[in-house]
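Peer 1: From first to last, the protein sequence lines are chains A and B.
Residue numbers for the first sequence follow the working numbering, so the first one is 1 and each next one is one higher.
Residue numbers for the second sequence follow the working numbering, so the first one is 1001 and each next one is one higher.
For each residue, glycine too, the CB sits at the ideal point set by N, CA and C.
Being a predicted model, the structure only gives us computed values, none of them experimental.
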Amino acid sequence: DAGVIQSPRHEVTEMGQEVTLRCKPISGHNSLFWYRQTMMRGLELLIYFNNNVPIDDSGMPEDRFSAKMPNASFSTLKIQPSEPRDSAVYFCASLRDNYNEQFFGPGTRLTVL
Amino acid sequence: ELKVEQNPLFLSMQEGKNYTIYCNYSTTSDRLYWYRQDPGKSLESLFVLLSNGAVKQEGRLMASLDTKARLSTLHITAAVHDLSATYFCAVDNDMRFGAGTRLTVKP
């Protein structure tokens, strides 16, 4: 099992550019979570999906952020336009209902200049 | 709004000593998670606690949950250097994480 896969692992972009982060959950897992981690704010849940449906997006900071899960094996988190304050490590995690253990991907380190 | 508080936030301990990390949360929940994060790395699941009174142990770490007190503890026995990391608790309602406890074990 390859675990949760995220790409890219590192992204450096300029303010105003569009950024797309990608996640492939573990096969068979039907819940997927996007988190953001910064020194100032710690680890924050942005949005989570269950069976490809967004269940709670109350953590999405603002309209510049959007997330999709078109199928069970792929999700994207998009920031448009990006701002320096979006610089953080973005983690994707997945779990299989009733098993409860959540598996995290390696993260994407985003730097917005 | 659910609040999750961990203490201490920083913990420096000597090898061989015992210590406890505390995780308090503000609303009812019957699920609590503990994770470990090494510097520059992702989070690794340590324990999933699903009911009041649940206790789980793995090596030198033992976690417990008291849902009535809204408290979970992570007890470290005879610490070794390899346990140096940041430990997070998270509460299920909306997967809200505590701020983390940065543990350093010194020889």
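Consult DSSP for A/P8 and reduce its assignment to one of helix, strand or coil.
Peer 2: Three-state DSSP puts A/P8 in coil, outside helix and strand.
Peer 1: Counting only the same chain and skipping the five closest in sequence on each side, list residues whose C-beta sits under 7 Å from that of A/N71.
Peer 2: For A/N71, where only same-chain residues beyond five positions count, the Cβ hits under 7 Å are N52.
Peer 1: Looking only at its own chain, which residues have a Cβ that is under 7 Å from the Cβ of B/A1085, when we skip the five neighbours before and after it?
Peer 2: Counting only Cβ-Cβ distances below 7 Å, and skipping sequence neighbours, we find R1036, Q1037, D1038, L1103.
Peer 1: Can you give me the C-alpha to C-alpha distance between A/C92 and A/F104, rounded to a whole angstrom?
Peer 2: So the alpha carbons of these two residues sit roughly 6 Å apart.
Peer 1: Kindly provide the ranges of any beta strand (DSSP E) runs that are 3 or more residues long and lie completely inside the region 27–91 of chain A, ordered along the chain.
Peer 2: Whole beta strand (DSSP E) segments, 3+ residues: 31–38, 42–50, 53–56, 65–71, 74–79.
Peer 1: Along chain B, in chain order, which residues have C-beta atoms closer than 8 Å to that of A/Q49?
Peer 2: Per the sequence shown, residue 49 of chain A should be read as Phe rather than Gln. Going along chain B, no residue has its Cβ under 8 Å from A/F49, so there is no contact; the nearest lies around 13 Å.
Peer 1: For a contact meaning CB atoms closer than 9 Å, what does B/Y1033 contact in chain A?
Peer 2: By Cβ distance, chain A contributes N100, E101, Q102.
Peer 1: Contact check, B/D1030 vs B/L1050 under 8 Å by CB: the rounded distance?
Peer 2: Contact flag correct, Cβ pair sits at about 7 Å.
Peer 1: Closer than 8 Å, CB to CB, is A/I33 near chain B or not?
Peer 2: Per the sequence shown, the amino acid found at residue 33 of chain A is Phe instead of Ile. Taking Cβ atoms only, chain B reaches closer than 8 Å to A/F33, which makes this a yes.
Peer 1: CA-CA distance, A/G28 and A/R96?
Peer 2: Cα-Cα distance, rounded: 7 Å.
Peer 1: Determine the chain E residues that contact B/F1097 at a beta-carbon separation under 7 Å, and present them in chain order.
Peer 2: The question asks about chain E, but that chain is absent: this structure's protein chains are A and B.
Peer 1: Taking 6 Å as the limit between beta carbons, can you name the residues of its chain near B/F1047, skipping five residues before and five after?
Peer 2: Result list for B/F1047: W1034, K1056, A1063, in chain order.
Peer 1: Buried or exposed, going by whether 16 or more other CB atoms sit within 10 Å of the CB of A/E11?
Peer 2: A/E11 should be labelled buried.
Peer 1: Output the distance between the C-alpha atoms of B/V1091 and A/E14, rounded to the nearest integer angstrom.
Peer 2: Their Cα atoms are separated by approximately 35 Å.
Peer 1: Quick one, which of B/P1008, B/S1072, B/H1075, B/G1040 has its alpha-carbon nearest A/Y90's?
Peer 2: Closest by alpha carbon: B/G1040.
Peer 1: Tell me where the beta strand (DSSP E) around B/Q1006 begins and ends.
Peer 2: Element bounds for B/Q1006: 1004–1007.
Peer 1: Quick one: grab the DSSP three-state call for B/D1066.
Peer 2: B/D1066 falls in the strand class under three-state DSSP.
Peer 1: Counting only Cβ-Cβ distances shorter than 7 Å, please list the residues of the region 64–93 of chain A near chain B, keeping chain order.
Peer 2: Going along the region 64–93 of chain A in chain order, one finds F91 with a Cβ nearer than 7 Å to chain B.
Peer 1: Got a sec: is the Cβ-Cβ distance from B/F1088 to anything in chain A below 8 Å?
Peer 2: Chain A, which has a Cβ nearer than 8 Å to the Cβ of B/F1088, makes this yes.
Peer 1: For A/R9, is the classification buried or exposed, using 16 other Cβ atoms within 10 angstroms of its Cβ as the cut-off for buried?
Peer 2: It is exposed - the Cβ of A/R9 has fewer than 16 other Cβ atoms within 10 Å.
Peer 1: Are the region 1015–1028 of chain B and the region 1072–1084 of chain B touching by the rule of at least three beta carbon pairs closer than 8 Å?
Peer 2: Yes, the region 1015–1028 of chain B is in contact with the region 1072–1084 of chain B.
Peer 1: For A/D56, go through chain B and note every residue whose CB falls closer than 7 Å to its CB, in chain order.
Peer 2: D1094, listed in chain order.
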